[in-house]
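S.K.:
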Amino acid sequence: MIALREHRPWLRRAAGCAAIALAAVAVARATGTADAIDDNARRLYYDIRGTRDGGHDVIFVAIDEDSVNLWNAPPWRWDRYAATVSAILAGEPRVIAILEPGPRLLPDEPPPPVIRDAVARGALVMAPPTPGFGQPRLALETRGAVVALDLGQPDGVDRSVVRDVIEAAGLGRDVPRRLPVNYYGAPDALPTLPAHRVASGEIPPRTFRDRIVVIGLRGERFAPQVPTPVGAMSPAEVYCHALLGLAHGAVWSRPPPWLSWMLAGVLAFVAAAVTPRLRTRTAAAVTGGAIAVIAIADYWLFRTGVALLGMTTPAVGVVAGAIAGGAVERERARDQIDAIARWLAQRLRVDTPRSAGIAVDHAPWRAYADAVDIYLDCHSTAFAELPDGSWHLRLAHAVRMAETDIVEQRRDVRRDPYKRAYAFHRPMESDRQFMRRDLGVRTFLVPLVSFERLLGIWIVNFEDHRELTDRELSVMATLADEMAVGLELRRLHGSARPFADARRQPGDSAFLDRVREARRGALALARHQQATAALLDQL
Numbered sequence: 003m004i005a006l007r008e009h010r011p012w013l014r015r016a017a018g019c020a021a022i023a024l025a026a027v028a029v030a031r032a033t034g035t036a037d038a039i040d041d042n043a044r045r046l047y048y049d050i051r052g053t054r055d056g057g058h059d060v061i062f063v064a065i066d067e068d069s070v071n072l073w074n075a076p077p078w079r080w081d082r083y084a085a086t087v088s089a090i091l092a093g094e095p096r097v098i099a100i101l102e103p104g105p106r107l108l109p110d111e112p113p114p115p116v117i118r119d120a121v122a123r124g125a126l127v128m129a130p131p132t133p134g135f136g137q138p139r140l141a142l143e144t145r146g147a148v149v150a151l152d153l154g155q156p157d158g159v160d161r162s163v164v165r166d167v168i169e170a171a172g173l174g175r176d177v178p179r180r181l182p183v184n185y186y187g188a189p190d191a192l193p194t195l196p197a198h199r200v201a202s203g204e205i206p207p208r209t210f211r212d213r214i215v216v217i218g219l220r221g222e223r224f225a226p227q228v229p230t231p232v233g234a235m236s237p238a239e240v241y242c243h244a245l246l247g248l249a250h251g252a253v254w255s256r257p258p259p260w261l262s263w264m265l266a267g268v269l270a271f272v273a274a275a276v277t278p279r280l281r282t283r284t285a286a287a288v289t290g291g292a293i294a295v296i297a298i299a300d301y302w303l304f305r306t307g308v309a310l311l312g313m314t315t316p317a318v319g320v321v322a323g324a325i326a327g328g329a330v331e332r333e334r335a336r337d338q339i340d341a342i343a344r345w346l347a348q349r350l351r352v353d354t355p356r357s358a359g360i361a362v363d364h365a366p367w368r369a370y371a372d373a374v375d376i377y378l379d380c381h382s383t384a385f386a387e388l389p390d391g392s393w394h395l396r397l398a399h400a401v402r403m404a405e406t407d408i409v410e411q412r413r414d415v416r417r418d419p420y421k422r423a424y425a426f427h428r429p430m431e432s433d434r435q436f437m438r439r440d441l442g443v444r445t446f447l448v449p450l451v452s453f454e455r456l457l458g459i460w461i462v463n464f465e466d467h468r469e470l471t472d473r474e475l476s477v478m479a480t481l482a483d484e485m486a487v488g489l490e491l492r493r494l495h496g497s498a499r500p501f502a503d504a505r506r507q508p509g510d511s512a513f514l515d516r517v518r519e520a521r522r523g524a525l526a527l528a529r530h531q532q533a534t535a536a537l538l539d540q541l
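For the sequence shown, the numbering used here begins at 3 and goes up steadily by one.
1. I believe P429 touches V448 by the beta-carbon criterion, under 8 Å. Please report the beta-carbon distance rounded to the nearest angstrom.
2. For a test of the three-state rule: what should DSSP assign to W367, helix, strand or coil?
3. Assign A289 to one of three DSSP states: helix, strand, or coil.
4. I believe M128 touches I100 by the beta-carbon criterion, under 8 Å. Please report the beta-carbon distance rounded to the nearest angstrom.
5. Kindly identify the DSSP beta-bridge partner or partners of V443.
6. Kindly indicate which three-state DSSP category E387 falls into: helix, strand or coil?
7. Hey, quick one: how far does the beta strand (DSSP E) through A404 stretch, first residue to last?
8. When the distance is taken between beta carbons, is A197 closer than 8 Å to G233?
9. Is it the case that the Cβ atoms of I461 and T445 are separated by a distance below 8 Å?
10. If you draw a straight line from the alpha carbon of R283 to that of E331, how long is it in whole angstroms?
11. Could you check whether the segment 333-346 touches the segment 370-390, counting it as contact only if at least three pairs of C-beta atoms, one from each stretch, sit closer than 8 Å?
12. Sort A286, V163, A343 and L378 by Cα distance to V320 and report the nearest one.
13. Alpha carbon to alpha carbon, how far is I22 from V295?
14. How many angstroms separate the CA atom of T209 from the CA atom of P258?
15. With DSSP as the reference, label A75 as helix, strand or coil.
16. Would you mind giving the Cβ-Cβ distance between R542 and A141, rounded to the nearest angstrom? I have them listed as a contact below 8 Å.
17. Under the three-state reduction of DSSP, which class applies to R499: helix, strand or coil?
18. Counting Cβ pairs, one atom from each stretch, are 3 or more of them under 8 Å apart for the segment 204-220 and the segment 55-67?
19. Excluding five sequence neighbours on each side, which residues of the same chain lie with their C-beta closer than 7 Å to the C-beta of M3?
20. Buried or exposed, going by whether 16 or more other CB atoms sit within 10 Å of the CB of H467?
21. Taking its Cβ as the centre, do 16 or more other Cβ atoms sit within 10 Å of I325, making it buried, or is it exposed?
22. Which whole-angstrom value describes the C-beta separation of A201 and A85, a residue pair presumed to lie in contact below a C-beta threshold of 8 Å?
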């Protein structure tokens with residue numbers, strides 16, 4: 003119970019993410035996106051599978067263009083059918099069916115005895131005389147392709163002739179009303195014989211032994227063409243594919259809708275619980291692998307003729323669950339980073355009280371100027387600050403000089419004379435005339451850098467004849483480090499978000515901004531503690 007109580011928040015978050023994922027599944031199904039993706043996937047499955055394994059239990063005797071050229075236009079005389087049916091009956095087929103979904107093929111006169119006897123003993127099934135009556139309705143997918151036949155009720159007025167063929171062939175009496183069509187292969191893969199060759203006796207009778215023989219039209223000139231996932235064909239050919247799948251036992255079952263929803267919910271829960279614990283690339287790989295496994299399982303069920311599950315619903319559950327889990331974890335991480343940033347700001351404010359005078363505009367600069375006089379004995383000095391988000395310096399304080407004494411008009415730190423000091427982060431003598439010539443001074447530009455971040459430029463002027471020693475240059479660099487720490491702490495006290503970086507890169511997110519702020523806060527605290535330790539060592 004204690005372990006369950008500890009995991010309760012985690013389980014609650016995963017359950018919430020699973021609910022969001024199921025909402026995404028509902029949207030995909032309501033908009034038809036899921037059905038469209040499943041239909042496209044099954045077209046791809048047909049291409050991968052090719053022609054289905056199994057014997058030629060159904061033979062299509064096609065009245066095609068060659069037969070029409072010999073027999074002339076329909077309707078044909080009964081002797082044409084009698085010759086064809088007699089040649090087939092000689093091979094002892096399981097059943098013969100004359101399916102006529104297109105224009106009428108049969109004459110109005112009574113059939114000959116061979117036809118009547120075959121119908122009477124159940125060896126021949128013929129469509130009703132009324133055009134279109136008794137033909138199964140075609141069920142279409144989202145792209146208009148035929149995927150199933152509506153056979154009607156066994157005892158209803160909408161009973162189709164295909165159901166009569168199924169029962170006469172002994173394929174079962176409990177066939178569902180909606181019969182999925184598991185296409186044998188491409189249109190030319192169906193075992194087909196021309197009707198005129200069968201009628202002439204060219205085909206050996208043993209070809210039809212214990213087989214279902216369907217006689218029907220084929221060709222754009224004689225029968226309407228309907229789209230299917232494997233290519234256009236006549237309705238009679240579609241019936242042959244449906245009968246062949248039933249004879250092979252390759253008729254898919256349709257799982258109840260709640261099974262797909264339950265599978266999507268379980269996978270979404272697992273994805274929301276697992277992926278946030280992984281690194282981003284690993285989580286993406288795991289999510290992609292889960293989708294691949296779902297697709298492989300769906301294809302296996304398709305190929306073996308077990309069921310048409312559909313990969314989209316569980317796949318959307320996995321993806322939506324992983325995204326929702328990552329988003330929730332991202333918000334939790336942002337809250338933690340905000341807490342870290344606030345703690346760092348409070349810690350720095352405690353460690354650097356306002357009584358030290360750091361937050362006053364000119365007091366720190368005057369203190370640094372006094373230190374420069376003591377250690378370096380310079381002619382004059384000035385401090386130029388670099389505001390956040392800017393590349394141009396702003397003169398903050400000058401000692402024993404006026405701003406008008408500066409003849410250099412440039413303030414962009416990316417250009418001369420500041421460029422070298424900015425690039426190398428160490429004191430550099432100006433290579434341009436910086437001050438008035440009559441002052442007789444040479445100018446050093448000292449960068450104020452805090453953790454590789456430029457905060458300003460310290461301008462130090464010495465007499466022309468003055469040569470600086472290595473020790474004096476080292477003292478200048480040390481003072482510059484102290485100034486950088488003071489400048490960073492002064493900005494800390496004067497900002498509501500002290501670690502915010504105004505130099506955002508294009509495309510940066512708010513979450514990345516908060517991470518960068520926390521990082522800058524940690525660096526500032528470390529810098530301050532480092533300076534404090536150095537000061538204690540000097541004392």
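Here a beta-carbon is modelled for each residue, glycine too, at the ideal position from N, C-alpha and C.
M.R.: According to the structure shown:
1. 4 Å
2. helix
3. The question names Ala, but residue 289 in the sequence shown is Thr. Helix.
4. That pair is a contact at about 5 Å.
5. The beta-bridge partner set that DSSP reports for V443 consists of E465.
6. strand
7. Counting along the chain, A404 falls outside any beta strand (DSSP E), and DSSP gives it neither H nor E.
8. Contact flag unset, no.
9. yes
10. 16 Å
11. No: the two stretches stay apart, fewer than three of their Cβ pairs being nearer than 8 Å.
12. A286
13. 22 Å
14. 41 Å
15. coil
16. Outside the shown range of the chain, which is 3 to 541, sits residue 542, and nothing can be said about it.
17. Caution applies to R499, whose pLDDT of 49 falls short of 50 and renders its modelled position unreliable; the value that the coordinates give is listed next. Three-state result, R499: coil.
18. yes
19. Note that M3 scores a pLDDT of 45, beneath 50, so its modelled location is shaky and nothing firm can be said.
20. Looking at its Cβ environment, which holds fewer than 16 other Cβ atoms inside 10 Å, H467 is exposed.
21. buried
22. 4 Å
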